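All remarks here apply to the structure that follows.
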Amino acid sequence: MEAATQAIRNKEIGSYKASRFFNVPQTTLESYVKDRQKSSSETVKTKLGRKQVLPCEAENDLAEHCLLMDRQWQTSCVSLTNSL
Numbered sequence: 017m018e019a020a021t022q023a024i025r026n027k028e029i030g031s032y033k034a035s036r037f038f039n040v041p042q043t044t045l046e047s048y049v050k051d052r053q054k055s056s057s058e059t060v061k062t063k064l065g066r067k068q069v070l071p072c073e074a075e076n077d078l079a080e081h082c083l084l085m086d087r088q089w090q091t092s093c094v095s096l097t098n099s100l
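First residue of the sequence shown? That's 17 in the working numbering, and the numbers climb one at a time after it.
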């Protein structure tokens with residue numbers, strides 16, 4: 017990512033070609049390059065997107081619970097199918 021943003025900033029390559037060459041979405045590259053006050057390495061460390069709402073521990077617990085419920089649902093579907 018850092019090499020891609022550096023190449024675009026140095027006008028060695030355009031954002032479209034850089035996105036294809038480095039296999040990174042073009043809009044993501046353009047967002048990183050747009051922030052000219054930061055160096056390439058600082059820009060790459062910048063997180064894009066929404067801020068995290070749940071703490072990591074709560075998110076992991078929720079994910080585990082969803083997987084558990086999925087396994088239970090699959091088990092109940094199999095038993096229902098077998099009873100028909």
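For every residue, glycine included, the Cβ atom is placed at its ideal position computed from N, Cα and C.
These figures come from a predicted structure and were not determined experimentally.
Close CB contacts of Ser31 within its chain, under the 8 angstroms cut and outside five residues either way in sequence, are with Ile24, Gln42, Leu45, Glu46, Val49 (chain order).
If you ignore the 5 residues before and after Phe38, its C-beta comes within less than 6 angstroms of the C-beta of Ala20, all in its own chain and listed in chain order.
Look at Glu18 here: in three-state DSSP terms it is helix.
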